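According to this note's numbering, the sequence shown is numbered sequentially starting from 131. Since the structure comes first, as structure tokens, the remarks are kept for the end.
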Amino acid sequence: MGTISADFSGETVVVTGGSSGIGRAVALGFGDAGATVINADVRADAKDADAETPTHEAVEERGGTAAFVETDVSEPSQIESVIEGAREFGGVDVMVNNAGVHRSLEFLEVEPEDFDFVHGVNLRGAFFGTQLAAKDMIDRGVEGAIVNTSSTTAERAEWNHSHYAATKGGIQMLTRSAALELDGHGIRVNAVAPGPIATEIREGWADEARGAIEESDGLPSRAGTPADLRDAYLYLASEGAGYVTGETVWVDGGSSL
Ligand code: NAD
């Protein structure tokens, strides 16, 4: 199979939740493509066992430019600070709202605190990440791109996912609604919906995902890796996707079939 290459030289990309898993792979991908990358995460260190250096250092080791800003995306004022800080690097051109948390709970067990925690990071974080990045792009007259991280659970019910799935369904409609209202400003808003990806989004999930897939004879035939997701984000943020907005691209190894 062939390859496609990306060039984001001169652009500034904010990735929330860029320290680990999918966000780390996406941040490294934009860094390799020449962008200045700002990782906005609650922690600098990766959870991934194979990640020896924090993302911003890893981008720089590969010849790129990057910064880390300690950020809790459930607090809009902290997102605002990251976006304001990005002006030092020319201002945000691409916003990736990727930070996410998961608690595995049966529907009947979900407490209001679980609901608020998961919604605060996943949906409130993505909503205000999209809105605040768009306001800043409009103020600067920049026709930028926003890419949100959804999930196949946005459309497919799974056991123990109810409150998490509700956030991802919300992200899907946030993506469409914002795309509609921001199109006149030249800002595109899209999402990527990963299937089961071997990350430590909650402790033990990587092994659990691999194990469940080995036992099943359907699709996907293997658990995804963060690197499987990277190019979908680069594509949606690029000029090549200039006629794509409000869309959610599923990268799930066929699990939706
Ligand atoms: P991960 O835990 O490896 O990465 C999530 C990152 O978000 C971490 O670095 C974490 O520190 C950061 N984060 C958590 N709370 C935060 C907050 N309040 N503010 C800022 N950063 C915060 O998990 P991942 O699997 O890479 O998850 C990335 C995204 O992908 C999430 O939105 C998740 O819902 C989504 N997703 C994952 C899977 C999967 O199977 N792993 C499937 C579908 C969707």
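Positions of the beta carbon are idealized from the N, C-alpha and C atoms, including for glycine. In this text the structure is predicted, and so the values were computed from the model without any measurement.
Checklist entry - Among A339, G140 and R154, which one has its Cα closest to the Cα of A165? => result In the sequence shown, the residue the question calls residue 165 occupies position 35. Measuring from the Cα of A165, the nearest candidate turns out to be G140.
Item to check | the segment 319-329 / the segment 280-296 touching (three or more Cβ pairs under 8 Å) | outcome: Counting Cβ pairs under 8 Å, three or more are found: they touch.
Next on the checklist: My assumption, with CB atoms under 8 Å, is that P350 sits in contact with G384. Please give the rounded CB distance.
Outcome noted: As a first step, residue 350 must be located in the sequence shown, where it is residue number 220. As a first step, residue 384 must be located in the sequence shown, where it is residue number 254. So it is a contact: roughly 6 Å between Cβ atoms.
Next on the checklist: Give me the DSSP bridge partner(s) of R318.
Outcome noted: On the sequence shown, position 188 is the one that residue 318 refers to. Paired residues: A275.
Item to check | Any non-hydrogen atom of the ligand NAD closer than 7 Å to T260 Cβ | outcome: Start at 1 with the first residue of the sequence shown, and residue 260 comes out as number 130. Every heavy atom of the ligand NAD is 7 Å or more from the Cβ of T260, so no.
Checklist entry - Hey, is the segment 192-212 in contact with the segment 162-178, meaning 3+ C-beta pairs nearer than 8 Å? => result When Cβ pairs closer than 8 Å are counted between the two stretches, the segment 192-212 is seen to touch the segment 162-178, the count reaching three or more.
Checklist entry - Can you give the Cα-Cα distance for R233 and G220, rounded to whole angstroms? => result Your numbering for residue 233 matches position 103 in the sequence shown. Your numbering for residue 220 matches position 90 in the sequence shown. Straight-line Cα distance between these residues: approximately 37 Å.
Item to check | Contacts around F245, its chain only, beta-carbon distance under 6 Å, and the 5 residues preceding and following it disregarded | outcome: Taking the first residue of the sequence shown as position 1, residue 245 is located at position 115. Apart from the 5 residues on each side of it in sequence, F245 sits with its Cβ closer than 6 Å to the Cβ of H293 in its chain, given in chain order.
Checklist entry - Under 8 Å between the Cβ atoms of A308 and T378? => result Along the sequence shown, one-based indexing puts residue 308 at 178. Along the sequence shown, one-based indexing puts residue 378 at 248. Result no, Cβ atoms of A308 and T378 do not sit closer than 8 Å.
Checklist entry - Between which two residues does the alpha helix (DSSP H) containing E210 stretch? => result Working through the sequence shown from its first residue, we reach residue 210 at position 80. Boundaries of the alpha helix (DSSP H) harbouring E210: P206 to A216, taken from the DSSP string.
Checklist entry - If we ignore side chains and look at the alpha-carbon of each, how far apart do D266 and I213 end up? => result Along the sequence shown, one-based indexing puts residue 266 at 136. Along the sequence shown, one-based indexing puts residue 213 at 83. Between D266 and I213, the C-alpha separation is close to 7 Å.
Item to check | Residue from N290, D382 and G376 whose Cα sits closest to the Cα of L304 | outcome: Your numbering for residue 304 matches position 174 in the sequence shown. Of N290, D382 and G376, the residue nearest in Cα terms is G376.
Checklist entry - Tell me the DSSP bridge mates of E200? => result Translated into the one-based positions of the sequence shown, residue 200 becomes position 70. For E200, the beta-bridge partners assigned by DSSP are D171.
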